[in-house]
Amino acid sequence: MITVDNLAVEFSGTTLFSDVNFVINPNDKIALMGKNGAGKSTMMKIVAGVQNATRGKISHPKDTVIAYLPQHLLTEDNCTVFEEASKAFAHIFKMKSEMDALNKALETRTDYESDEYMSIIEKVSELGEQYYALEDVNYDAEVEKALKGLGFKQEDFTRLTNEFSGGWRMRIELAKILLQKPDLILLDEPTNHIDIESVIWLEDFLVNKANAVMVISHDRAFIDNITNRTIEVTMGRIYDYKANYSHYLQLREDRRSHQIKAYQEQQKFIADNMAFIERFKGTYSKTNQVSSRERMLEKLQIIEIDEVDNSALKLKFPPAQRSGDYPVIVEGLSKSYGDVSVFKDASFSIARGEKVCFVGRNGEGKSTMIKSILGEIEVEGKCSLGHNVQVGYFAQNQAALLDTDLTVFQTVDAVAKGDVRTQIKNILGRFMFKGDDIDKKVSVLSGGEKTRLAMVKLLLEPVNLLILDEPTNHLDLRSKDVLKEALQSFDGTLILVSHDRDFLQGLSQKVFEFKDQRVIEHFETIDAFLERNRIKSIKEMNL
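Just so you know, we're using full-length UniProt numbering here: the sequence shown kicks off at 1 and counts up by one.
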C-alpha cells in the first residue's frame, strides 16, 4: 500500500495543488485525469520519486518497487535490444553472480574458524535464501515474450538500441518495466508510440498480470479497458472515483450539477443577508444582528464550481473542388529495401468520399505505402492519384515542416481564409494555445506544441484527400474530439493511420491490414476488425 499524504506543489507564488491525500492499494488500476497544466505529470513524478513536493510525503513499505515510464526518454546506449530488456533482471543476475563469487572464495579458503570465513557463510546463506525464494523463471523466454508483445521481431533482438527511434526505445524501457513486475507501474502517455496490436497486448498485461497501475493517457479506449478507478486533478485539489473513465464522466457531471445548485443557493443566501445588512445598517435595535451577519459572511467559504471547457467551437474543413471517382489507385505495387521486402503485389483503389484506415504492426509498410501514394519514393508497379486530387498530409514528423520564424498566430493566419480568420484565437485555444502562447515563435515550442499547431494548420487548408499518420499522439481528449468531429463532417477522402481505437471508431468504413508483406482489404469498420482479430492477435503474440 502506497500513501500520498498532504501533498502540495507551489512555485512562483502559484499553488498547483495542495492537501492531496489518497491511497494506492494493491491491484488498483488508476486513471490520473485533468486538463493540461492541472498537475497530473507533476503528481506522477512525485509518486515516482523523481521530483520533490513543496509539502507532504509519499509513504510505502521499504521493499516496494515503483516503476515509472515518462513521456519522453533520453536514452543512448550500445547494448542490443535483448541485452537492454534483460536489465530488468539485473538485480537477480547480480545476486547470482555474487553468490557464485562467494562460493568460489569458500572453496579456496582454509581459515574455517575465522570471523571472515563465517561472515562469508552468513552472506551466502542470506543471498541464497533470497535467490531460491524467487519464482523459477526462464528469464530469456520472459524477455522474448515482452519484446514480441510490444512489436519487436526476432531479428530485432540482436540489433543495437541506438539504431531505433525514440518511440522504439520507449518500448524497450516499457518492456523492462513490465518484466520487473513492480508493485506500482506509473505510465505517462504509454500508447503514443505503439501500434494497435501492441496496445492490446499492453492492456492484457496491465489488467491480468500487473499489480497496481497509475496511468495518464488521452486514449479513451485504453484507459476505459484497464482502469477501475479515476483520480481527477482540478483547481488545486483531487476527486477520487471508484469508476473507469466513462463512468467517471457521468459522476463528474452529477458532481458539477450539485456544485452549481449549491453555489446558486449560497449566492441567494449571501444576497438575502447583504440586503438585510444594507436595510438595517445604522438601526440601533438591529446593531447586533447586523454585526453577526457581517461576521458570518466574512467567514463564509465560497463554493467553487469545477472548471469545464464549455466552448462549443466546431471546426470544418473548407470546401475543396470535387476529385475524380477514385482518388487513389494502386496496382501490383511492391517495395523492398535491399533484401527486405515490405509488401508485394499490392492492388486496391479508394473511392471518392471513402474513409479508410491502415493497420498493422510498426514496420509492416503503412508509412511506406503512404510515401508511395504521395510519390515520395520509388516503387515497382503503379500507384497514382486520380483527377483533381488536392492532398493534405499530416506526417508523424509534421512539426519539423513548420516555419520556425513565424509566431503561432502567424502560422495559422497564413492559411486561414474568410470568416475563419475572426476565430483564430478561439481555434488555437481549443488546441491549448492560450493567452501569450499565440505570440510565441514556433522555434521555441516543444515537440508536442508544434504537432498541435501543425494539426490546426491542416484543419484550415482546402483539400479533398486527407492522409493522416498518427495525428492524435499529442492531442488531449477534447482536442481529439474537435478533430474527430471535423473528420466526420469532411466530405473528401480520408486515409488514416492511428493506434487510437476510440478515435478510429465511427471514422473508418474500410480497413487495409498490412501483414506478412501483404495488404489485405477488409470491408468492415475498425471495431468489427479488431473484435474479429482480438483473440487471434493475442494468441499470435504468445501471451
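Glycine residues also receive a C-beta, built at the ideal position from the N, C-alpha and C atoms.
Sixteen is the threshold: since fewer than 16 other Cβ atoms of the shown chains lie within 10 Å of the Cβ of D111, the residue is exposed. Per DSSP, the continuous alpha helix (DSSP H) segment holding G429 begins and ends at I424 to R430.
Judged by DSSP in its simplified three-state form, G381 adopts strand. Between I231 and M33, the C-beta spacing is below 9 angstroms. Cβ neighbours of F431 within its own chain (closer than 8 angstroms, five residues either side excluded): R452, L453, M455, V456, L475, S479 and V482. For the 9 angstroms CB-CB criterion, I277 and E298 do not form a contact. Under DSSP, the beta-bridge partners assigned to D240 are I231. Under the DSSP definition of a beta bridge, H522 partners with V511. Residue range R55 to S59 is occupied by the beta strand (DSSP E) that includes R55. Spanning the alpha carbons of C383 and F317 requires a straight line of approximately 26 angstroms.
Taking C-beta separations shorter than 7 angstroms and ignoring five residues to either side along the sequence, the partners of F523 in its chain run K510, following chain order.
The distance from the Cβ of L127 to that of E98 is about 6 angstroms, consistent with a contact at the 8 angstroms cut-off. Residue burial annotation: K434 is exposed, with fewer than 16 other C-beta atoms found within 10 angstroms of its C-beta.
Here I350 is not near I520, since their CB atoms are 9 angstroms or more apart. With respect to the 9 angstroms criterion, D469 and I370 are classified as neighbours on the basis of their beta carbons. Counting the other Cβ atoms within 10 Å of the Cβ of A271 gives fewer than 16, which makes it exposed. Per DSSP, the continuous alpha helix (DSSP H) segment holding E203 begins and ends at I196 to N208. If you ignore the 5 residues before and after E461, its C-beta comes within less than 6 angstroms of the C-beta of G392 and V415, all in its own chain and listed in chain order. In the three-state reduction of the DSSP assignment, V415 falls in the coil class, being assigned neither a helical nor a strand state. When DSSP states are grouped into helix, strand and coil, N6 belongs to the strand group. Here K440 is not near D405, since their CB atoms are 9 angstroms or more apart. When DSSP states are grouped into helix, strand and coil, Y248 belongs to the helix group. Distance from the CA atom of I329 to the CA atom of A320, rounded to whole angstroms, is 20 angstroms.
Approximately 12 angstroms separates the beta-carbon atoms of T42 and G236; this is outside 8 angstroms, ruling out the contact. Just measuring C-alpha positions, the residue of K40, Q154, G49 and K515 sitting nearest S341 is K515. When secondary structure is reduced to three states using DSSP, D63 falls in the coil class, being assigned neither helix nor strand. Using a C-beta cut-off of 8 angstroms, the stretch 42 to 57 makes contact with the stretch 4 to 24, since at least three inter-stretch Cβ pairs fall below that distance. In this structure, L202 places its C-beta atom within 9 angstroms of the C-beta atom of P190.
Measuring C-alpha to C-alpha distances from E380 to each of E354, A85, A346 and G506 identifies A346 as the nearest. With fewer than 16 other CB atoms across the displayed protein chains lying within 10 angstroms of its CB, N78 is exposed. Between I66 and G49, the C-beta spacing is below 9 angstroms.
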